[in-house]
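Asker: Okay, here's the structure, questions in a sec.
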Amino acid sequence: MAAYFLTDKKYKFASVSLALALLATITLFLTGCRGSYIGMMVIITGMFAVSAKYLWQNYKKIYLSVVGGVVAFATAALLLVSSLRARVLSIFAMRQDSSNSFRFNVYHSSVEMFKDNWLLGIGVGNQNFREIYGLYMKTGFDALSAYNIFLEIGVESGVFALIAFVGFLITLIKNSVNFILKSAETKDVIIVSAALISICAVSIHGLVDTVFFRPQIQFIFWTMAAIAGTMISTRDSHL
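Now the structure itself:
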């Protein structure tokens, strides 16, 4: 939003948007949620990738300085904040981390569920999953979901639903990237970029958690998908 307001030279609104984004980022890191850390990395990477379209050619040094500054700040935070460092390093600990080990056990059981119910799934809903999961779970590893949105969709709704969802994501991402690369309207690029980055962040986070199925995040996800789809179809109709 800050970038959107800056294009109109509405500096007050841009400052407020930037402050809120900074506050949200700080709040996110204070949660200690490793999946959200991964999602934030996707957001930051996406922002820099889109910014390169406008800054690389004429402001290369400034662009590289900002990227280097962010990398340096993140590195310093990892080195100086022990709790943050421990959480990030635990991502790569595999079975040595109890949370990771728990997820691997759930993944294994969920894959077995999918193998036995691959055509139509077990039916949607948390209650269905809990009842069926009990037949496959390892003792002591009860779970409310598959901890992976793609595996969850496959388990609940079958292979055709999984193919449809993955196909939808691939198509939306492909069309959004093409729009960002080809559009000359800065505001439109900002809007589609924000939607695309949000969708990618939730999807990547969804590889290790199922926050995607919470109503608040569902609402934001499909709103972003609708915004991106509308912007792209509007451009195509004018061609």
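Numbered as in the numbering used here, the sequence shown ends at 242 without a single skipped number. Here a beta-carbon is modelled for each residue, glycine too, at the ideal position from N, C-alpha and C. These numbers were taken from a predicted model, which means no experiment stands behind them.
With respect to the alpha helix (DSSP H) encompassing L87, which residues constitute its N-terminal and C-terminal limits?
Answerer: Unbroken alpha helix (DSSP H) run through L87: 85 to 93.
Asker: Taking I220 and V214 to be in contact with their CB atoms under 8 Å, please state how far apart those CB atoms are, rounded to whole angstroms.
Answerer: About 6 Å; that satisfies the 8 Å criterion.
Asker: Of the choices V109, N131, F76, whose alpha-carbon is the least far from that of M140?
Answerer: That would be V109, whose Cα lies nearest to the Cα of M140.
Asker: Please classify R106: is it buried, with 16 or more other beta-carbons within 10 angstroms of its beta-carbon, or exposed?
Answerer: Buried, since its Cβ has 16 or more Cβ neighbours within 10 Å.
Asker: What span of residues does the alpha helix (DSSP H) with I173 cover, start to end?
Answerer: Counting along the chain, the alpha helix (DSSP H) containing I173 begins and ends at 162 to 185.
Asker: Alpha carbon to alpha carbon, what distance is there between T28 and F216?
Answerer: Looking at the two C-alpha atoms, the distance is approximately 22 Å.
Asker: In its own chain, which residues sit with a C-beta less than 8 Å from the C-beta of L165, not counting the 5 before and 5 after it?
Answerer: So the list reads F153, I156, G157, once near-sequence residues are dropped.
Asker: Hey, would you say S201 sits closer than 8 Å to V192, going by beta carbons?
Answerer: Their beta carbons are not under 8 Å apart, which means S201 does not touch V192 by this criterion.
Asker: Would you say the beta carbon of F76 comes nearer than 7 Å to a heavy atom of the ligand NAP?
Answerer: Within the structure as shown, the ligand NAP is missing, as the structure has no ligands at all.
Asker: Is it true that the CB of A231 sits closer than 8 Å to the CB of L175?
Answerer: Yes. Within cutoff.
Asker: Going by DSSP in three states, S148 sits in which element: helix, strand or coil?
Answerer: Correct three-state label for S148: coil.
Asker: Give me, in chain order, the residues of the same chain whose beta-carbon lies closer than 6 Å to that of M227; leave out the 5 immediate sequence neighbours on both sides.
Answerer: So the qualifying residues of the chain are A198, S201, I202.
Asker: Tell me, please, whether the segment 79 to 99 touches the segment 124 to 140 by the rule of three or more beta-carbon pairs shorter than 8 Å.
Answerer: Verdict: no, contact absent.
Asker: Between K56 and the rest of its own chain, which residues show a CB-CB distance below 8 Å, the 5 nearest in sequence each way excluded?
Answerer: Result list for K56: I183, L184, V192, in chain order.
Asker: In or out: A146 buried (at least 16 other Cβ within 10 Å) or exposed?
Answerer: Buried, because 16 or more other Cβ atoms sit within 10 Å of the Cβ of A146.
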